[in-house]
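The opening residue of the sequence shown carries number 28 in this note's numbering; numbering runs sequentially from there.
The beta carbon of each residue, even a glycine, is placed where N, CA and C say it ideally should be.
A quick note: this is a predicted structure, and the numbers were derived from the prediction, not measured.
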Amino acid sequence: MTVEIRPIARDEAVEFLRIVPGFAGTPSWEAEPPAWHSGLGIAPRFDEPASSEDLAKAAAGLCDVDRTRAAFVDGRMVGTSQMLSLEVTVPGAGPVPMGGLTAVGVLPTHRRRGLLRDMMRALIDDCHERGEALATLSAAEGSIYGRYGFGPATYQTRWELDISQALRPYRHEQHGRIELVDARTAKAAWPHLHDEVRQSRVGEVSAHHGLWDDRAARTGAWQYLLRYDDTGTVDGAAVYRTPWSPDPATAGTVEADWLEAASAAAYTDLWAFLT
Ligand SMILES: CC(C)(COP(=O)(O)OP(=O)(O)OC[C@H]1O[C@@H](n2cnc3c(N)ncnc32)[C@H](O)[C@@H]1OP(=O)(O)O)[C@@H](O)C(=O)NCCC(=O)NCCS
Numbered sequence: 028m029t030v031e032i033r034p035i036a037r038d039e040a041v042e043f044l045r046i047v048p049g050f051a052g053t054p055s056w057e058a059e060p061p062a063w064h065s066g067l068g069i070a071p072r073f074d075e076p077a078s079s080e081d082l083a084k085a086a087a088g089l090c091d092v093d094r095t096r097a098a099f100v101d102g103r104m105v106g107t108s109q110m111l112s113l114e115v116t117v118p119g120a121g122p123v124p125m126g127g128l129t130a131v132g133v134l135p136t137h138r139r140r141g142l143l144r145d146m147m148r149a150l151i152d153d154c155h156e157r158g159e160a161l162a163t164l165s166a167a168e169g170s171i172y173g174r175y176g177f178g179p180a181t182y183q184t185r186w187e188l189d190i191s192q193a194l195r196p197y198r199h200e201q202h203g204r205i206e207l208v209d210a211r212t213a214k215a216a217w218p219h220l221h222d223e224v225r226q227s228r229v230g231e232v233s234a235h236h237g238l239w240d241d242r243a244a245r246t247g248a249w250q251y252l253l254r255y256d257d258t259g260t261v262d263g264a265a266v267y268r269t270p271w272s273p274d275p276a277t278a279g280t281v282e283a284d285w286l287e288a289a290s291a292a293a294y295t296d297l298w299a300f301l302t
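Laid out in structure tokens, this is it:
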């Protein structure tokens, strides 16, 4: 048995994606898709493998192909992994280069024989060569990655505000304005806003390829808010919805999926609007 760990060629991208858990329809234990999983607008779609058409589309848009590391056994691809070239904001230094680990998968027939270990070695060596200070991931199973030097950096949070306690009537601030816009208008404003906000917010990560397309293309009755300052510059954004529920206990719930603000005024204003 010969094992080879190497980056894939562009024409191997479809085969690569077929193994990646999200595209293969493999179940996940995560409540939500990881922060930068695929970012190509079609995966993860758990329980349903991507169609040939979806795979071809995603393969054509696959970024950082040179940062893939696939495992080949006797010439056949059986394992996948990749680092995305991202930035993370750290105390004191601002944004620094970071490897974003993604697309980790080994075919069930080839597990527990060291292929992930070999791929991780290759990926981390490459991070060192590139001078990246950090590698991070959003792990499907936290128990796997400690052995490679990863540890918890942040936890997902979910807040529920009881409106009887938290309701604060929305009042229009004297400075700035909030508008409901269509997804296209919102998408055009998000990259610049995010790039501004992440400069000073520790732990914030640069947008991966396809993030904004994904966010704007999600199904469901999402509403897109932009907040403009006095000069007409976008200084805040939020995405929310008010899903229908047959249960009186949850009817009338506002689900805020994403909120980003470049100033305290914008932050307060957006939360006041949502509550
Ligand atoms: C997780 C996965 C990639 C591991 O691949 P693998 O090639 O079998 O892993 P290896 O044989 O290289 O094992 C590496 C180490 O991880 C451990 N390990 C493997 N799978 C594990 C699991 N599910 N939970 C905890 N530890 C695990 C092994 O015991 C081994 O430990 P050691 O080196 O200290 O002895 C593979 O099981 C898989 O594809 N799972 C489904 C998809 C998935 O969960 N992907 C991760 C997305 S974040």
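- Residue state for glutamine 250 is assigned as strand, using DSSP reduced to three classes.
- When the alpha-carbon of arginine 254 is set against those of Ala77, Ser233, Ala97 and Ile205, the nearest one is in Ile205.
- Remark: fewer than three beta-carbon pairs, one from each stretch, lie closer than 8 Å, so the stretch 107-122 and the stretch 206-218 are not flagged as touching.
- In this structure, the beta-carbon distance from proline 122 to serine 290 does not fall below 9 Å.
- Below 8 Å, enough C-beta pairs join the stretch 163-173 and the stretch 126-135 to call them touching: three or more.
- Of the residues assessed, threonine 95 falls on the buried side of the cut-off, its CB having 16 or more other CB atoms within 10 angstroms.
- For valine 41, there is no enclosing beta strand (DSSP E); the residue is part of the alpha helix (DSSP H) that begins and ends at 40-46.
- In this structure, aspartate 145 and threonine 29 do not form a Cβ contact; the two beta carbons are roughly 12 Å apart against a cut-off of 8 Å.
- Counting along the chain, isoleucine 151 sits inside no beta strand (DSSP E); it lies in the alpha helix (DSSP H) bounded by residues 142-157.
- By the criterion of a C-beta distance shorter than 6 Å, leucine 142 is surrounded in its chain by Ala98, Gly106 and Val133, once the five residues flanking it on both sides are discounted.
- The stretch 217-232 makes no contact with the stretch 269-276; the number of CB pairs closer than 8 Å stays below 3.
- Restricting attention to Ile171, Leu238, Trp239 and Gly178, the CA atom closest to the CA of arginine 139 is found in Ile171.
- DSSP places glutamate 80 in the uninterrupted alpha helix (DSSP H) bounded by 79-88.
- Taking a 10 Å sphere around the C-beta of alanine 86, we find 16 or more other C-beta atoms and assign the residue as buried.
- Judged by DSSP in its simplified three-state form, isoleucine 35 adopts coil rather than helix or strand.
- By the neighbour-count definition (other C-beta atoms within 10 Å, threshold 16), tyrosine 251 is a buried residue.
- Going by beta carbons, histidine 235 and cysteine 90 fall inside the 9 Å limit.
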